[in-house]
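These notes are about the structure you will find just below.
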DNA sequence: GTTCGTATGTGATGTTATTACATTAGTCAA
DNA sequence: TTGACTAATGTAATAACATCACATACGAAC
Ligand SMILES: [Zn+2]
Ligand SMILES: [Zn+2]
Ligand SMILES: [Zn+2]
Ligand SMILES: [Zn+2]
């Protein structure tokens, strides 16, 4: 289940909203955008988001309580390595990148300390190149 | 301003609560623990937390909406490099570590992309060695 | 003592996320 | 066809996290 057309109606609506958006959206912003499509309650959004997260089609940005469509549409699972996000606090643009060195380094620490990782969050907040020079 | 005795009353109460605790605490948990000390409203906690974050005496764990006392009491500013947290989802224990390689690697990316970082979050959730073998 | 910055007290409100329960729709086997 | 099962959905209420607005108190500087 990785293609848009296999999603349910609500999942598609939420995914499309995130794909249309320039930057990350909060669950309640998505809810407001989808009221004309029959959405009435937060749970309709959160349930769709949970599935889309499962499928690896979107990401949750923990540091800003928001969600963003994955910018690597052909590698939804991000099978190799962990993902870092650079989040511009001025324009909201999110850059998604992976780094094998960071991945290896984190794994070294967890292996060395007997820590079994389930989810790793790397988020850099700041000002992007566009906003910095403007 | 880095020593406990220079804190205000509310700041000391909040900092002591976090220091006593085995693991991270939510703002509302702190509030409940301090009701006998005159705390009545969330803002009393959040204001103290903000100052303690400024002073580098505590950290906010973005991925679990909680706060923890810094485990490096003699390096509150963490002057050199960024900090990563390993958070056990079973016992709540938080391990704080810094890694120069990760720090350098993140800086490479931000420099290469003209991104001016203000705050970097690295949080690994999983199961610690104690809980994994138990 | 007046002024000013910092800290505090308090109620109301805003934002994010989950619980609980009812309903609907599709699948599959007896 | 019916019943049983699973997944998805609809809805209201509530919980959990965070901030706003305004009033008051305190200490240092002048
Ligand atoms: Zn992605
Ligand atoms: Zn920007
Ligand atoms: Zn620390
Ligand atoms: Zn543990």
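Chains as they are written, first to last, in the working numbering: chain A, 928 to 1061; chain B, 928 to 1061. Here a beta-carbon is modelled for each residue, glycine too, at the ideal position from N, C-alpha and C.
key: Whole-angstrom distance between residue 944(B) and residue 960(B), CA atom to CA atom   = Within the second chain, residue 960(B) is the residue found at index 33, counting from 1. Within the second chain, residue 944(B) is the residue found at index 17, counting from 1. Roughly 8 Å between the two C-alpha positions.
message = Would residue 997(B) and residue 985(B) be called neighbours here (beta carbons separated by less than 8 Å)?
response = In the second chain, counting from the first residue as 1, residue 997(B) sits at position 70. In the second chain, counting from the first residue as 1, residue 985(B) sits at position 58. In this structure, residue 985(B) lies closer than 8 Å to residue 997(B) by Cβ.
task = Indicate the three-state DSSP secondary structure (helix, strand or coil) for residue 1045(A) in the structure shown.
result = Indexing the first chain from 1 puts residue 1045(A) at position 118. When secondary structure is reduced to three states using DSSP, residue 1045(A) falls in the strand class.
For residue 942(A), the residue or residues it bridges with in DSSP = Here the question's residue 942(A) lines up with position 15 in the first chain. Answer is none; residue 942(A) lacks a bridge partner.
query = When you compare each of 1016(A), 1049(A), 1033(A) to residue 1057(A) by their alpha carbons, which one comes out closest?
reply = Reading the first chain from its first residue, position 130 is the one you call residue 1057(A). Here the closest residue by C-alpha is 1016(A).
query = Per DSSP, what kind of secondary structure is residue 1052(A) in: helix, strand or coil?
reply = Position 125 of the first chain holds residue 1052(A). Note: residue 1052(A) maps to strand in three-state DSSP.
key: Near ligand 4: residue 1017(B) beta-carbon under 7 Å from a heavy atom   = Along the second chain, read from residue 1 onward, the residue named residue 1017(B) stands at position 90. Answer for residue 1017(B): yes, Cβ within range of ligand 4.
message = Would the segment 1039-1054 of chain A count as touching the segment 946-955 of chain B if we require 3 or more Cβ pairs under 8 Å?
response = no
key: Cβ-heavy atom distance, residue 997(A) to ligand 1, below 7 Å   = Indexing the first chain from 1 puts residue 997(A) at position 70. It does: the Cβ of residue 997(A) is within 7 Å (strictly closer) of some heavy atom of ligand 1.
inquiry  = Can you list, in chain order, the residues of its chain with a C-beta nearer than 7 Å to that of residue 932(A)? Leave out the 5 residues immediately preceding and following it.
reply    = Position 5 of the first chain holds residue 932(A). Only weak support exists for where residue 932(A) lies, its pLDDT of 46 falling under 50; the coordinates are left without a value.
ask   = Out of 980(A), 989(A), 1034(A), 1028(A), which has the shortest C-alpha to C-alpha gap to residue 1048(B)?
value = On the second chain, position 121 is the one that residue 1048(B) refers to. The candidate whose alpha carbon is nearest that of residue 1048(B) is 989(A).
key: Whether residue 1036(A) touches residue 1024(B) by CB criterion (8 Å)   = Translated into positions along the first chain, residue 1036(A) becomes position 109. Translated into positions along the second chain, residue 1024(B) becomes position 97. Against a cut-off of 8 Å, the Cβ pair of residue 1024(B) and residue 1036(A) comes out as a contact.
query = Which one or two residues does DSSP pair with residue 957(A) in a beta bridge?
reply = The residue you call residue 957(A) lines up with position 30 of the first chain. None; residue 957(A) has no bridge partner.
message = Using only the alpha-carbon positions, how far apart do residue 929(A) and residue 963(B) sit?
response = The count along the first chain starts at 1 and reaches residue 929(A) at position 2. The count along the second chain starts at 1 and reaches residue 963(B) at position 36. Unreliable placement is indicated for residue 929(A), whose pLDDT of 38 sits below 50; the coordinate value is still reported in the next sentence. Residue 929(A) and residue 963(B) have their C-alpha atoms roughly 53 Å apart.
message = Between the alpha carbons of residue 1004(A) and residue 934(A), how many angstroms are there, rounded?
response = By 1-based counting over the first chain, the position of residue 1004(A) is 77. By 1-based counting over the first chain, the position of residue 934(A) is 7. Whole-angstrom Cα-Cα distance: 16 Å.
request  = Give a yes or no on whether the C-beta atoms belonging to residue 1027(B) and residue 1008(B) are separated by under 8 Å.
outcome  = Mapped onto the second chain, residue 1027(B) falls at position 100. Mapped onto the second chain, residue 1008(B) falls at position 81. Their beta carbons are under 8 Å apart, which means residue 1027(B) touches residue 1008(B) by this criterion.
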